[in-house]
Amino acid sequence: MVRRIDRIAIIVLSGAVGLQAVIPGWQIMTNGSVYGFKLPTNWLSGSWPFSGFTVAGLLLLVVVGGGCVATAIVNIVNERAGSVVALGMGVVMIGWIAGELIFMTQTMIMTWIILGAGIGLVALSAPYALPQLNRLFAGRSARHAI
Numbered sequence: 006m007v008r009r010i011d012r013i014a015i016i017v018l019s020g021a022v023g024l025q026a027v028i029p030g031w032q033i034m035t036n037g038s039v040y041g042f043k044l045p046t047n048w049l050s051g052s053w054p055f056s057g058f059t060v061a062g063l064l065l066l067v068v069v070g071g072g073c074v075a076t077a078i079v080n081i082v083n084e085r086a087g088s089v090v091a092l093g094m095g096v097v098m099i100g101w102i103a104g105e106l107i108f109m110t111q112t113m114i115m116t117w118i119i120l121g122a123g124i125g126l127v128a129l130s131a132p133y134a135l136p137q138l139n140r141l142f143a144g145r146s147a148r149h150a151i
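The sequence shown begins at 6 in our numbering and counts up one residue at a time.
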């Protein structure tokens, strides 16, 4: 059972990041800017496989923004599933930032805030999600062993 304070923190953290990511994701996708700041294409490293920021904006909008909002909603509706979803979303956010560090030559303050939020989601949810996942996979292993 997730402690009430941890569940509230997961809801607030994921909801805040999700809502914060929607507008910049849309702006980056449509015109390559963040709140009026035009992102220079020379910030993209040579390993970025696309010509501009459209794909990055779409991923920010859908995966980070939508995923975090969905994480907050799941945690409001279902406590048990919420911790597992929050753990997954925390890992996705950390992966997002790893990708940003690989594919961009410059970072912004939001890079480090999202990284911290991802680490926070993992730290808040792991004590509750990992035992559930262990039980789930242990049960599957036992069924397949028969």
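Don't be surprised by glycine CBs; every beta carbon is placed ideally from N, CA and C.
ask   = Which value, in whole angstroms, describes the spacing of the CA atoms of Pro29 and Ser38?
value = Pro29 and Ser38 have their C-alpha atoms spaced approximately 8 angstroms apart.
ask   = How long is the line joining the alpha carbons of Arg12 and Ile114, rounded to whole angstroms?
value = If I take the Cα positions, the gap works out to 26 angstroms.
task = With DSSP as the reference, label Phe42 as helix, strand or coil.
result = In the three-state reduction of the DSSP assignment, Phe42 falls in the strand class, which pools E and B.
task = Starting from Asn80, follow the alpha helix (DSSP H) in both directions and report where the run begins and ends.
result = Its alpha helix (DSSP H) spans residues Gly72 to Val82.
query = Based on the DSSP output, what are the partners of Leu49 in its beta bridges?
reply = DSSP, once it has assigned bridges, lists Met109 as partnering Leu49.
Euclidean distance between Cα positions of Ala128 and Ile107 = So the two alpha carbons sit approximately 24 angstroms from each other.
inquiry  = In the DSSP assignment, the alpha helix (DSSP H) including Met34 goes from what residue to what residue?
reply    = Where Met34 is concerned, the enclosing alpha helix (DSSP H) stretches over Arg9 to Asn36.
query = At which residues does the alpha helix (DSSP H) containing Gly62 begin and terminate?
reply = Counting along the chain, Gly62 sits inside the alpha helix (DSSP H) bounded by residues Thr59 to Leu64.
request  = Report the option in Ile78, Ser56, Leu135 and Val27 whose CA atom is closest to the CA atom of Ile2.
outcome  = Look at the range of the chain in this structure, 6 to 151, and you will see that residue 2 is not part of it.
key: Buried versus exposed, by CB contacts within 10 Å (16 or more), Ile81   = Around the C-beta of Ile81, fewer than 16 other C-beta atoms lie within 10 Å, and the residue is accordingly described as exposed.
key: Three-state secondary structure assigned by DSSP to Phe142   = Note: Phe142 maps to helix in three-state DSSP.
task = Please classify Pro54: does DSSP put it in a helix, a strand, or coil?
result = In the three-state DSSP reduction, Pro54 falls in the coil class, being neither helix nor strand.
request  = Determine the direct distance from the alpha carbon of Leu66 to that of Ile99, and round the result to whole angstroms.
outcome  = About 16 angstroms.
task = Determine the DSSP secondary structure at Met6, reduced to helix, strand or coil.
result = In the three-state reduction of the DSSP assignment, Met6 falls in the coil class, being assigned neither a helical nor a strand state.
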